[in-house]
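Q: One structure is given below, represented as structure tokens, and several questions about it will come after.
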Amino acid sequence: MKQLIAYYSWSGNTTALAKHLQQLTQADVVEITVPDGTFSTDMYATSDIAKEQLKAGHLPALTETLPDFTQYDEILVGGPVWSGAPSTPVLAFLQQVNDSESQPRLAPFYTHAGVAGEYEATFKQAAGSLTVLPGLSIAGTGAGADAEIQNWLQQLN
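Take the sequence shown: its position 50, counted from the start at 1, is 50 in the UniProt record's numbering, and no numbers get skipped.
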């Protein structure tokens, strides 16, 4: 089974987790990026910007050239929890996967400061008709969560 790890990280927590997952899976990796200046360096201002994007129905542009999704059976999609939901760059990525001709299984992994909210329900809704596997919810960078990460990866297979 060919896997891709695609992730967006605002603070660095999801980057750390994505790198750890890549070491364990040897999957291909792509970072989901947005143009400089899209978001603030302040968490609360970034939250407000994301809420406005959702309200206006305008997800941010992605700057990374994304791979051909048809070559992957499974995509592990990572990102931070923003206001109890996936970040808007992750939602923009899911929209691109939906618009492609591929049908990979999706497995969300996400980082938060203590509350995941409705992340997985919103992720599933954004994934449309694609199969969504159970997600991995990690507080912070995932340091000390090795057993939880291993269990999740085993469940995916």
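Idealized CB from N, CA, C, for every residue including glycine. Fair warning: this is a prediction, and the values are worked out from it, not measured in the lab.
(1) Please report how far the alpha carbon of glycine 79 lies from the alpha carbon of glutamate 101, in whole angstroms.
(2) I'd like the ranges of any beta strand (DSSP E) spanning at least 3 consecutive residues and lying wholly in the region 46-115.
(3) I need the boundaries of the alpha helix (DSSP H) containing alanine 147, first residue and last residue.
(4) Applying the criterion that 16 or more other CB atoms from any shown protein chain within 10 Å of the CB defines a buried residue, is serine 87 buried or exposed?
(5) Could you pull out every residue in the same chain whose Cβ sits closer than 8 Å to the Cβ of glutamine 3, ignoring the five residues on either side in sequence?
(6) Is asparagine 157 buried or exposed, if buried means 16 or more other CB atoms sit within 10 Å of its CB?
(7) Would you please state the rounded distance, in angstroms, between the beta carbons of glutamine 154 and leucine 130? I believe it to be under 8 Å.
(8) Could you check the C-alpha separation between threonine 122 and tyrosine 44 for me, to the nearest Å?
(9) With DSSP run on the structure shown, which of helix, strand or coil describes leucine 136?
A: Result, derived from the coordinates:
(1) Within the sequence shown, numbered from 1, the residue matching residue 79 stands at position 79. Within the sequence shown, numbered from 1, the residue matching residue 101 stands at position 101. Cα to Cα, the separation comes out at about 23 Å.
(2) Within the region 46-115, the beta strand (DSSP E) runs of at least 3 residues that lie entirely inside it are, in chain order, 74-82, 105-112.
(3) On the sequence shown, position 147 is the one that residue 147 refers to. Boundaries of the alpha helix (DSSP H) around alanine 147: 146-156.
(4) Here residue 87 is taken as the residue at index 87 of the sequence shown, counted from 1. A residue is called buried once 16 or more other Cβ atoms fall within 10 Å of its Cβ, and serine 87 is buried on that count.
(5) Within the sequence shown, numbered from 1, the residue matching residue 3 stands at position 3. Its chain contains Thr25, Ala27, Asp28, Tyr72, Asp73, Glu74, Ile75, Leu76 as the residues whose beta carbon lies nearer than 8 Å to that of glutamine 3, once the 5 sequence neighbours on both sides are disregarded; these appear in chain order.
(6) One-based indexing of the sequence shown puts residue 157 at position 157. In the assembly as shown, asparagine 157 is an exposed residue. Its beta-carbon has fewer than 16 other beta-carbons within 10 Å.
(7) If you number the sequence shown from 1, residue 154 lands on position 154. If you number the sequence shown from 1, residue 130 lands on position 130. No, glutamine 154 and leucine 130 are not in contact; Cβ-Cβ is about 22 Å, not under 8 Å.
(8) Numbered from 1 along the sequence shown, position 122 holds the residue referred to as residue 122. Numbered from 1 along the sequence shown, position 44 holds the residue referred to as residue 44. Note on geometry: alpha-carbon atoms of threonine 122 and tyrosine 44 lie some 21 Å from one another.
(9) Position 136 of the sequence shown, counting from 1, holds the residue named residue 136. Strand at leucine 136.
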